[in-house]
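Numbering (this note's numbering), first residue to last: 1 to 279.
Heads up, the beta-carbon is just placed ideally off N, CA and C, and yes, glycines get one too.
Below is one structure; the comments refer to it alone.
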């Protein structure tokens, strides 16, 4: 892989990680049509680290509040006097608990189906079909008629049973072509979670998922022959472009235009499918 290819893939990752169009699906298609013979799963995971940094920067305020609020609760006098009541009344600890609860099905899916899911990185036809499926998933919030965006935004809007469902959606999105942000936010909106809260939960939920994916790929570090400067260029590009794309997505969500990405995913899936079949 050349430096230019790494930068181009970093741009692609940054744009598509947060926009609901499947970053992994785009990387599979780009690597295929650029003529890269090997599925660069390790490189793909490291690009996700770059976009993870963008999440941390954008949501640094929320992460800081969760951390400080949790520490404050756990070190308070009332916690030692009445632990259960104090824990139940803490917004921060409840939200962290929901993230952990949502991460469980994602982790199970990743561990049990890791090999099978990674094999799809070589299947352009399969990825194209999954992009079309992503387009369908983005239409799911339309099934809910109630407008929830003007309701109070609180972690209580996310029920305990919501978290595993969103976590399952995130786990399924390990499959290239299925958008992680698209599937998790769509399910959250369908469940009646306000858009701003749905986005915050979705992206904070992705942090342990990305860290877990990186941990699973640590053994591959010694086997990769990719120069560090090429890897670093891709990660840095993914971070900068990802930061911009995440800000853009939040604007689109606030305007209620999330499902517009449906048409892009379906058209891209159909075009890549036809090219692969015909050629």
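Give the range of the alpha helix (DSSP H) segment to which residue i is assigned.
i	result
residue 72	60 to 74
residue 116	114 to 119
residue 82	Per DSSP, residue 82 belongs to no alpha helix (DSSP H) and is neither H nor E.
residue 122	Run containing residue 122: none; DSSP gives neither H nor E here.
residue 237	228 to 254
residue 164	162 to 172
residue 18	3 to 18
residue 27	23 to 33
residue 272	261 to 278
Out of the options, state which residue places its alpha-carbon closest to the alpha-carbon of residue i.
i	options	result
residue 290	78, 90, 247, 169	The structure shown does not extend to residue 290, since the chain is modelled only from 1 through 279, so no value can be given for it.
residue 246	189, 9, 23	23
residue 181	9, 55, 6	55
residue 42	216, 62, 198	216
residue 138	236, 226, 52, 261	261
residue 61	271, 48, 272, 204	204
residue 195	254, 206, 157	254
residue 248	2, 1, 20	20
residue 53	275, 256, 207, 264	207
residue 132	275, 265, 277	265
residue 63	93, 118, 173, 256	93
residue 256	238, 165, 141	141
residue 118	173, 273, 200, 276	173
residue 276	14, 33, 15	33
residue 14	270, 273, 233, 263	233
residue 125	113, 77, 177	177
Cα separation between residue i and residue j?
i	j	result
residue 4	residue 96	39 angstroms
residue 39	residue 120	In this predicted model, residue 39 has a pLDDT of only 48, less than 50, meaning its place in the structure is not dependable enough to derive any value.
residue 228	residue 175	27 angstroms
residue 18	residue 242	7 angstroms
residue 202	residue 187	10 angstroms
residue 11	residue 91	36 angstroms
residue 185	residue 191	10 angstroms
residue 6	residue 230	6 angstroms
residue 171	residue 98	15 angstroms
residue 82	residue 75	12 angstroms
residue 51	residue 240	8 angstroms
residue 100	residue 59	17 angstroms
residue 160	residue 198	14 angstroms
residue 136	residue 89	38 angstroms
residue 25	residue 163	25 angstroms
residue 237	residue 143	37 angstroms
residue 79	residue 157	24 angstroms
residue 123	residue 1	20 angstroms
residue 69	residue 279	57 angstroms
residue 65	residue 127	38 angstroms
Write down the C-beta distance between residue i and residue j rounded to the nearest angstrom, noting that I regard them as a contact closer than 8 angstroms.
i	j	result
residue 212	residue 110	6 angstroms
residue 258	residue 252	6 angstroms
residue 280	residue 179	No answer is possible for residue 280: it lies beyond the span of the chain, which begins at 1 and ends at 279.
residue 102	residue 167	4 angstroms
residue 9	residue 27	6 angstroms
residue 226	residue 49	Their Cβ separation, rounded to whole angstroms, is 14 angstroms, which puts residue 226 and residue 49 out of contact at 8 angstroms.
residue 214	residue 45	6 angstroms
residue 273	residue 104	Contact doesn't hold; Cβ gap of about 34 angstroms is too wide.
Can you list the alpha helix (DSSP H) stretches of 4 or more residues lying completely in the segment 176 to 212, in chain order?
-> Within the segment 176 to 212, the alpha helix (DSSP H) runs of at least 4 residues that lie entirely inside it are, in chain order, 180 to 190.
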